[in-house]
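Asker:
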DNA sequence: TTATAAAAAAGGTGCGTACCAATTTAAGAA
DNA sequence: TTCTTAAATTGGTACGCACCTTTTTTATAA
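Protein chains in written order, with the UniProt record's numbering: chain R, 1 to 244; chain W, 1 to 244.
1) Can you grab the Cα-Cα spacing for the pair residue 48 (chain W) / residue 199 (chain R), in whole Å?
2) Just mark residue 230 (chain W) as buried or exposed, buried being the case when its beta carbon has 16 or more other beta carbons within 10 Å.
3) Look at residue 177 (chain R) and residue 216 (chain R) and say whether their C-beta atoms are less than 7 Å apart.
4) Quick check on the DSSP output: what are the complete beta strand (DSSP E) runs of length 3 or more inside the region 100-145 of chain R, in order along the chain?
5) I'd like to know whether the C-beta of residue 86 (chain W) is nearer than 7 Å to at least one C-beta of chain R.
6) Could you tell me whether the Cβ of residue 31 (chain R) comes closer than 7 Å to any Cβ of chain W?
7) Which class does residue 246 (chain R) belong to by DSSP, given the choice of helix, strand or coil?
8) Got a sec? Which residues, its chain only, sit under 7 Å from residue 143 (chain R) by beta carbon, not counting five neighbours each side?
9) According to DSSP, what are the bridge partners of residue 181 (chain R)?
10) Should residue 15 (chain R) be flagged as near chain W, meaning a C-beta pair shorter than 7 Å?
11) Please check if any C-beta of chain W sits within less than 7 Å of the C-beta of residue 203 (chain R).
12) Does any residue of chain W bring its CB to less than 7 Å from the CB of residue 23 (chain R)?
13) Residues in the region 172-188 of chain R with C-beta within 7 Å of chain W's C-beta atoms, listed in sequence order?
14) How about residue 123 (chain W): is its C-beta nearer than 7 Å to some C-beta of chain R?
15) If we count Cβ pairs, one from each stretch, closer than 8 Å, do we get three or more for the region 128-135 of chain R versus the region 143-157 of chain R?
16) Would you kindly check if the distance between the Cβ of residue 239 (chain W) and the Cβ of residue 183 (chain R) is under 7 Å?
17) Any C-beta of chain W within less than 8 Å: which residues of the region 103-119 of chain R qualify?
18) Whole angstroms are fine: how far does the CA of residue 164 (chain W) sit from the CA of residue 107 (chain W)?
19) List the residues of chain W that residue 251 (chain R) touches, going by C-beta distances under 8 Å, in chain order.
20) My output table needs one value for residue 29 (chain W): the three-state DSSP class, helix, strand or coil.
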């Protein structure tokens, strides 16, 4: 699985060193030229690794001064790392005490693609999609209603029972591609009748909404999804860095 | 202002071409080697420009195949572009019909740094901070309550009236650095008494919450901020791409 | 015509060089 | 000692090369 890429290997190594408190005194990494020497790789590769860490918010690079460790990244690593490896917006990647949630399939149909979604999913509105609704819960507590649309031509073999398990894992098996990109809009809404019933909410208790598109690695729009979450399960962490 | 960096210039040029529909037929950019020639720059610079576009979600790069345009980026450009140039999470960057919101200062004090914030702001809990609360509105409609904490040693000169204007612009002037990085947690909450009063909400109507830290370009934690938004103003767009 | 294999195309990785720009440090002068 | 200036440090930009991996296209064979 590990593709043995130098810059990724070094990125991980540095990240581990950082989290292990290797550079705690100075909160600063060695300079790029030194790193290049000690790792025995080119400065270009070091720069590439550091760029990844900077994009994560693990370090800040300052010209003329050095590469500094973000104390919050170290301290709060659990929170900060939530994003890495699990948080693609959300959807499939819930976990609690290492245990995945149960999934109940509320409905499952094949229908013509709703007009508003056709362009987003890059298909014609005469094409068919799977339309399904799922309910997720931990033990007795339901926390999310998910409405999803998937073009049938992307997953011609999709069966009903697959939808009671992890969709993303299934896709990775079948398509041999990961789902690593998403475009999401996050919002807030008072709870609807359905929300209150399914998620066991009072009328004063709201839901968080996530809606958007998930892409395969090659950019194929794979699913349009609308998620409504119990407000107390809604917790989205994000590190934003404006380049331009 | 424009720093005349080749890779950024090319990034913009390509982005404009894309939005202008230059590549509409194929939805595909020329290959890197060709771009290198036509722009008269090295392939490395082209790669760098394309990487920026890929990180934005404007294009998808597929080895062996080419660089493809994300149709959603073109179509929905307003939404997609919301993030670029204005959306650092949110805070200062609101606008509506090109018009900035009014800001009312609800409170303004200097106090010792709350213990939970000290480490996040990278200061001691014996250090002092400005603590303030602001209310933002468009015309008659208030839409956000913001509670902010800023270490006094970062902005020793901060005056009360500055807080009724754009804080970020002020910082850029004084510190000669932008505020281009933030680490935020997004959540949902039923409205509190104060929310309902200030934001004119019913008890069934919730707020969206944004809380986290804003950094200066060099990584200095500059402000801890908690924002509570009217649910109908809460709209956060994000493109997520998992690298590793 | 169809299946298979070779070639070409296209993006990815890694190394290296040269020089630039901001910051910090050290040296020298007042 | 303190201020000013020059040098060293450190990350940033740009170019180029060589080679790899995946995908697509083309040519060849069945």
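Ideal Cβ placement from N, Cα and C applies to all residues, glycine included.
Values in this document were obtained by computation on a predicted structure and should not be read as measured data.
Answerer: The short version:
1) Counting from 1 along the second chain, the entry for residue 48 (chain W) is found at position 48. Counting from 1 along the first chain, the entry for residue 199 (chain R) is found at position 199. Here the alpha carbons of residue 199 (chain R) and residue 48 (chain W) stand approximately 46 Å from one another.
2) For this step, residue 230 (chain W) is matched to residue 230 along the second chain. By the neighbour-count definition (other C-beta atoms within 10 Å, threshold 16), residue 230 (chain W) is a buried residue.
3) In the first chain, the residue the question calls residue 177 (chain R) occupies position 177. In the first chain, the residue the question calls residue 216 (chain R) occupies position 216. One thing to note: residue 177 (chain R) has its Cβ within 7 Å of the Cβ of residue 216 (chain R).
4) Counting whole runs of 3 or more residues, the region 100-145 of chain R contains the beta strand (DSSP E) stretches 102-112 and 128-138.
5) Here residue 86 (chain W) is taken as the residue at index 86 of the second chain, counted from 1. With a pLDDT of only 44 at residue 86 (chain W), under the threshold of 50, the placement of this residue in the model should not be trusted; the figure read from the coordinates follows. Residue contact check for residue 86 (chain W) against chain R: no CB pair falls below 7 Å.
6) Numbered from 1 along the first chain, position 31 holds the residue referred to as residue 31 (chain R). Not a single C-beta of chain W is nearer than 7 Å to the C-beta of residue 31 (chain R).
7) With chain R represented from 1 up to 244, any question about residue 246 (chain R) goes unanswered, as that position is not in the structure.
8) Counted from its first residue, the first chain places residue 143 (chain R) at position 143. Only 136, 137, 199, 229, 230 and 233 meet the Cβ criterion.
9) The count along the first chain starts at 1 and reaches residue 181 (chain R) at position 181. Looking at the DSSP assignment, residue 181 (chain R) forms a beta bridge with R:215 and W:241.
10) Residue mapping note: residue 15 (chain R) aligns to position 15 of the first chain, counting from 1. By this cut-off, residue 15 (chain R) is not an interface position.
11) Taking the first residue of the first chain as 1, we reach residue 203 (chain R) at position 203. Interface flag for residue 203 (chain R) against chain W is set, since a Cβ pair is found closer than 7 Å.
12) Here residue 23 (chain R) refers to the residue found at position 23 when the first chain is read from its first residue. Residue 23 (chain R) is outside the set of residues whose beta carbon lies under 7 Å from a beta carbon in chain W.
13) When C-beta distances to chain W are compared with 7 Å, the residues of the region 172-188 of chain R below that value are 180, 181, 182, 183, 184, 185, 186, 187 and 188, in chain order.
14) Position 123 of the second chain, counted from the start, is the residue given in the question as residue 123 (chain W). Not an interface residue.
15) Flag = yes, the region 128-135 of chain R and the region 143-157 of chain R touch.
16) The sequence position of residue 183 (chain R) within the first chain is 183, counting from 1. The sequence position of residue 239 (chain W) within the second chain is 239, counting from 1. Yes, Cβ-Cβ distance for residue 183 (chain R) and residue 239 (chain W) is below 7 Å.
17) When CB distances to chain W are screened at a threshold of 8 Å, the residues of the region 103-119 of chain R falling below it are 119, in chain order.
18) Taking the second chain and counting its residues from 1, the one referred to as residue 107 (chain W) is at position 107. Taking the second chain and counting its residues from 1, the one referred to as residue 164 (chain W) is at position 164. Going from the Cα of residue 107 (chain W) to the Cα of residue 164 (chain W) covers about 11 Å.
19) Not covered by the structure: residue 251 (chain R). The range shown for chain R is 1 to 244.
20) One-based indexing of the second chain puts residue 29 (chain W) at position 29. Three-state result, residue 29 (chain W): strand.
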